[in-house]
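Residue numbering for the sequence shown follows the numbering used here, beginning at 337 and increasing consecutively.
Just so you know, even glycine gets a beta-carbon here, dropped at the ideal spot from N, CA and C.
Some notes on the structure that comes next.
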Amino acid sequence: MAVYNNPIVLQRADPWVLNVDGEYYFTGSDPEYNTIAIRRASAINDLQKAPETVVWRKHESGPCSKYIWAPELHRVNGAWYIYFAGAETDFEDSGLPPHRMFVLENTDADPTSDNWVEKGQIKTPIDSFSLDATTEVIDGVQYLVWAQKDPSIEGNSNLYIAPMANPWTLAADPVMLSKPEYDWECIDFLVNEGPAFLFHEDKIYITYSASGTGVPYAVGLLAADRGSDLTDPASWTKSPVPVFKTCAENGQYGPGHNSFTKSEDGSQDLMIYHARNYTDIKGDPLFDPNRHARVGVVRWTDAGPDFGVPEADTLWTPDSTDVLPADGGPMAGVPVAEASEAKAEVLAS
Numbered sequence: 337m338a339v340y341n342n343p344i345v346l347q348r349a350d351p352w353v354l355n356v357d358g359e360y361y362f363t364g365s366d367p368e369y370n371t372i373a374i375r376r377a378s379a380i381n382d383l384q385k386a387p388e389t390v391v392w393r394k395h396e397s398g399p400c401s402k403y404i405w406a407p408e409l410h411r412v413n414g415a416w417y418i419y420f421a422g423a424e425t426d427f428e429d430s431g432l433p434p435h436r437m438f439v440l441e442n443t444d445a446d447p448t449s450d451n452w453v454e455k456g457q458i459k460t461p462i463d464s465f466s467l468d469a470t471t472e473v474i475d476g477v478q479y480l481v482w483a484q485k486d487p488s489i490e491g492n493s494n495l496y497i498a499p500m501a502n503p504w505t506l507a508a509d510p511v512m513l514s515k516p517e518y519d520w521e522c523i524d525f526l527v528n529e530g531p532a533f534l535f536h537e538d539k540i541y542i543t544y545s546a547s548g549t550g551v552p553y554a555v556g557l558l559a560a561d562r563g564s565d566l567t568d569p570a571s572w573t574k575s576p577v578p579v580f581k582t583c584a585e586n587g588q589y590g591p592g593h594n595s596f597t598k599s600e601d602g603s604q605d606l607m608i609y610h611a612r613n614y615t616d617i618k619g620d621p622l623f624d625p626n627r628h629a630r631v632g633v634v635r636w637t638d639a640g641p642d643f644g645v646p647e648a649d650t651l652w653t654p655d656s657t658d659v660l661p662a663d664g665g666p667m668a669g670v671p672v673a674e675a676s677e678a679k680a681e682v683l684a685s
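What follows is the structure, given as structure tokens:
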């Protein structure tokens, strides 16, 4: 079994990893929220230094001209799709970002080609703050799950599900799966966001993230039986407690907005998530770039997935909020025990 080193990619929040034909494709929110980029490697530990290809840039004005968040790369019916959220203006008077969900399509074999086409906004019955779309084809039906504000419900966002007519169009009205209701989901902000599917035996799971994006951020869990009506809220059970949260002992704070993939040998489920390794955040946590992408092994019990706790960093991380180059710079990948000596060498060179 592989031994994983954390962080796997520096300064990439909302990390998404997709394994296709033995290759890992990585994307995530860049610190300046203005591009969507993909990197590819044959091993998780190689993603940091893998070349990063920018496949799309924000518009100069209008929709998708601000705050490009949480891109996800998917393969559906032989084509590639990127789901992401983008805004047209700065934050609204309510404090909410004005995001909507959008889709890109690429029919080439290689998703890092420049053949990405904008398919437009995913329209929902309520035209409101919406983000974090994820998708899966289950028993022949493509589903979309996402986070959205319902003006009639207190809080920032709830989780919704709907079948799709095609990868950019809903086929039916959405159904709400979860809203912030427990204390741990309502710290700083009332938030359910960042859904991700996980499958095991006869169960379908959706993890999601809750509360503000600082230290309180934590992961929740929904579960349903395979074969049940996934658009029926009664098919889903919700954990009353977070299943993955801050671990001060390991210096990991606000873990969440994760994705799932398989280990290189296919024997283990891996959780790819972001977290910070400090609590002293200056200003809005959204604009602190040091949410780094990390990996953890999912262990299975009779009760379902056990995500453990966020592991301590084994590799160097920056001690400033300067935005790093895509490859993390010369210190990226240096073991923590060797970081002081390596940094001195870098400064002397």
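Cβ-based neighbour list, residue i, same chain, cut-off 6 Å, excluding 5 preceding and 5 following
i: Pro407; result: Thr363, Ile372, Ile418, Phe420
i: Cys583; result: Val645, Pro646
Delimiting residues of the beta strand (DSSP E) encompassing residue i
i: Trp416; result: 415–423
i: Ser466; result: 466–474
i: Arg393; result: 388–393
i: Met500; result: 494–502
i: Glu359; result: 359–365
i: Ile608; result: 605–612
i: Ile404; result: 402–412
i: Leu660; result: Unbroken run through Leu660: none, as it is neither H nor E.
Residue i versus residue j - alpha carbon distance
i: Glu529; j: Tyr544; result: 6 Å
i: His435; j: Gln457; result: 11 Å
i: Ala507; j: Ile489; result: 24 Å
i: Ala377; j: Leu440; result: 22 Å
i: Tyr361; j: Phe643; result: 22 Å
i: Asn341; j: Glu472; result: 28 Å
i: Glu424; j: Glu454; result: 16 Å
i: Pro625; j: Gly632; result: 21 Å
i: Ala415; j: Asp663; result: 28 Å
i: Asp486; j: Thr567; result: 18 Å
i: Gly590; j: Gly556; result: 13 Å
i: Leu513; j: Asp468; result: 15 Å
i: Val672; j: Ala386; result: 21 Å
Cβ neighbour criterion (16 or more within 10 Å) applied to residue i
i: Val402; result: Val is not the amino acid found at residue 402; the sequence shown has Lys there. That one is buried.
i: Trp636; result: exposed
i: Met607; result: buried
i: Glu677; result: exposed
i: Pro503; result: buried
i: Asn370; result: exposed
i: Lys459; result: exposed
Residue from the options whose Cα sits closest to the Cα of residue i
i: Arg411; options: Pro399, Leu383, Pro433, Asn442; result: Asn442
i: Pro367; options: Gly664, Asn502, Val659, Asp663; result: Val659
i: Pro531; options: Ile542, His610, Ile523, Arg630; result: Ile542
i: Leu495; options: Trp482, Thr505, Asp486; result: Trp482
i: Pro346; options: His628, Met500, Ala648; result: Note on residue identity: the sequence assigns Leu, not Pro, to residue 346. Nearest C-alpha to Leu346: His628.
i: Pro569; options: Ile523, Val511, Arg562, His610; result: Val511
Contacting residues, own chain, Cβ-Cβ under 8 Å from residue i (five flanking each side not counted)
i: Ala675; result: Trp652, Met667
i: Gly398; result: Glu424
i: Met337; result: Ser599, Asp601, Ser603, Gln604
i: Gly640; result: His536, Lys539, Tyr541, Leu557, Ala559
i: Pro578; result: Trp520, Ala546, Ala554, Val555, Gly556
i: Thr657; result: Lys618, Asp624, Pro625, Asn626
i: Asp509; result: Pro461, Ala498
Contact test: residue i Cβ vs the ligand SAM heavy atom, cutoff 7 Å
i: Ser365; result: Although the ligand SAM was asked about, the structure shown includes no ligands whatsoever.
Residues near residue i in its chain [Cβ-Cβ closer than 7 Å; skip 5 each side]
i: Ile617; result: Gly550, Asp624
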